[in-house]
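Number of protein chains: 2
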Amino acid sequence: MLDRALTLDELLCFALYSANNAMGRLYRPLLAKHGLTYPQYLVLVALWQQDGRKVGDLGLALTLETNTLTPLLKRMEVAGLLQRHRNPEDERSVIVSLTAKGKALEETAAEISRCIVASAGDDLVELIALKERIQVLAKRLHQAE
Amino acid sequence: MLDRALTLDELLCFALYSANNAMGRLYRPLLAKHGLTYPQYLVLVALWQQDGRKVGDLGLALTLETNTLTPLLKRMEVAGLLQRHRNPEDERSVIVSLTAKGKALEETAAEISRCIVASAGDDLVELIALKERIQVLAKRLHQAE
DNA sequence: TACAAATAAATCGCGCACGATTTAATCACA
DNA sequence: TGTGATTAAATCGTGCGCGATTTATTTGTA
Numbered sequence: 000m001l002d003r004a005l006t007l008d009e010l011l012c013f014a015l016y017s018a019n020n021a022m023g024r025l026y027r028p029l030l031a032k033h034g035l036t037y038p039q040y041l042v043l044v045a046l047w048q049q050d051g052r053k054v055g056d057l058g059l060a061l062t063l064e065t066n067t068l069t070p071l072l073k074r075m076e077v078a079g080l081l082q083r084h085r086n087p088e089d090e091r092s093v094i095v096s097l098t099a100k101g102k103a104l105e106e107t108a109a110e111i112s113r114c115i116v117a118s119a120g121d122d123l124v125e126l127i128a129l130k131e132r133i134q135v136l137a138k139r140l141h142q143a144e
Numbered sequence: 000m001l002d003r004a005l006t007l008d009e010l011l012c013f014a015l016y017s018a019n020n021a022m023g024r025l026y027r028p029l030l031a032k033h034g035l036t037y038p039q040y041l042v043l044v045a046l047w048q049q050d051g052r053k054v055g056d057l058g059l060a061l062t063l064e065t066n067t068l069t070p071l072l073k074r075m076e077v078a079g080l081l082q083r084h085r086n087p088e089d090e091r092s093v094i095v096s097l098t099a100k101g102k103a104l105e106e107t108a109a110e111i112s113r114c115i116v117a118s119a120g121d122d123l124v125e126l127i128a129l130k131e132r133i134q135v136l137a138k139r140l141h142q143a144e
């Protein structure tokens with residue numbers, strides 16, 4: 000038998016799903032001008048914050064495994080955005096470092112982000128509050144795995 | 000130059016991205032027991048609400064285009080969950096109808112949803128409020144396309 | 001009644017996400 | 001010091017999402 004719980008969670012998950020899809024559709028054409036995909040953009044954001052990270056540490060930051068990251072990083076290396084080198088201190092790990100081209104994109108990213116914020120809403124305080132609630136949700140879901 | 004706007008939108012979009020990924024990872028093993036993927040589950044939810052819909056109408060409900068839906072629906076048809084028939088009144092459109100097997104899964108879906116709700120949080124009122132805020136965001140992003 | 005425009009779905013190619021497995025390097029400890 | 005366990009990344013196969021294009025049917029209109 001069905002109860003009210005079905006409707007709730009189903010819609011919460013679908014709200015997330017459709018909002019995330021919509022966000023991706025909004026970013027896609029803006030990023031495509033710079034030859035980037037949305038996950039690649041997120042990798043750049045992570046590296047702008049801290050360059051020279053191990054693949055595994057990037058995975059922790061982005062909540063992605065190497066089965067997703069490795070091919071993604073290889074494409075970005077081919078595109079000249081970053082370099083991958085085995086860690087001399089531990090040859091099991093791989094260090095990811097931005098190239099000048101990868102670093103330079105940080106400037107243009109600011110412009111893209113302004114478009115997104117403008118589309119998301121006019122109340123920055125409320126957007127920040129929403130973001131924080133979604134982060135809490137993501138953390139709970141992640142811990143429940 | 001960078002300003003505070005970059006940090007905000009980047010984190011809002013990443014919060015959505017990671018929460019959606021986490022939700023998918025939570026659903027995946029539960030749905031896999033019934034041979035379903037997460038988007039396939041959403042299609043079923045849409046059809047449980049209203050059966051016998053055109054592909055295009057399903058796309059409106061799920062905010063997906065036929066390039067995503069057609070192969071997805073074909074896999075579901077192969078799995079015996081639904082049937083696809085050309086609309087006799089307008090042979091351009093295709094009607095999607097649940098099979099008995101597809102209808103029967105509605106029972107088990109309630110159980111799955113209870114697991115998800117339990118993982119998402121303990122305050123149902125707050126979860127509903129969050130869901131509604133995310134829906135508003137999704138609508139704004141969709142309209143901005 | 002032809003025939004261009006429109007509409008609906010399907011097709012194609014690419015890049016994710018992820019479960020499962022494999023390969024390679026390091027560690028632990030007998 | 002050797003060898004099994006652990007760790008880190010890579011590899012493989014499947015199913016999305018979506019931009020771009022194609023195919024098939026209907027509509028509008030001269």
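So the protein lines, in turn, are chains A and B.
So for the first sequence, numbering that gives the first Met the number 0 puts the first residue at 0; every next one is plus one.
So for the second sequence, numbering that gives the first Met the number 0 puts the first residue at 0; every next one is plus one.
All residues carry an ideal CB built from backbone N, CA and C; glycine is no exception.
Quantities reported herein were computed from a predicted structural model and do not represent experimental measurements.
- In this model, Ser92 (chain B) and Arg83 (chain B) are separated by some 10 Å (Cα to Cα).
- Under the Cβ criterion of 9 Å, Glu144 (chain A) is counted among the residues facing chain B.
- Leu43 (chain A) and Thr62 (chain A) have their alpha carbons spaced roughly 15 Å apart.
- At a C-beta separation below 9 Å, Met22 (chain A) has these neighbours in chain B: Leu11, Cys12, Leu15, Tyr16, Leu136, Ala137, Leu140.
- Every unbroken stretch of the alpha helix (DSSP H) spanning 4 or more residues and falling wholly within the region 85-131 of chain B is given here in chain order: 99-119.
- Three or more pairs of CB atoms, one per stretch, sit closer than 8 Å, so the region 128-140 of chain A contacts the region 16-33 of chain B.
- Excluding five sequence positions before and after Ser118 (chain A), the CB atoms of its chain that fall closer than 7 Å to its own CB belong to Leu25, given in chain order.
- For Glu125 (chain B), there are no CB contacts under 7 Å within the same chain when 5 residues up- and downstream are skipped.
- Within the region 11-76 of chain B, the complete alpha helix (DSSP H) segments at least 4 residues long are 37-48, 54-61, listed from N- to C-terminus.
- For Arg132 (chain A), the C-beta contacts it makes with chain B under 8 Å involve Leu129, Arg132, in order along the chain.
- For the region 33-57 of chain B, residues whose beta-carbon sits nearer than 7 Å to a beta-carbon of chain A comprise Leu41, Val44.
- Taking the Cβ atoms as the reference, Leu30 (chain A) lies roughly 7 Å from Thr36 (chain A), within the contact range of under 8 Å.
- Counting the other Cβ atoms within 10 Å of the Cβ of Ala103 (chain B) gives fewer than 16, which makes it exposed.
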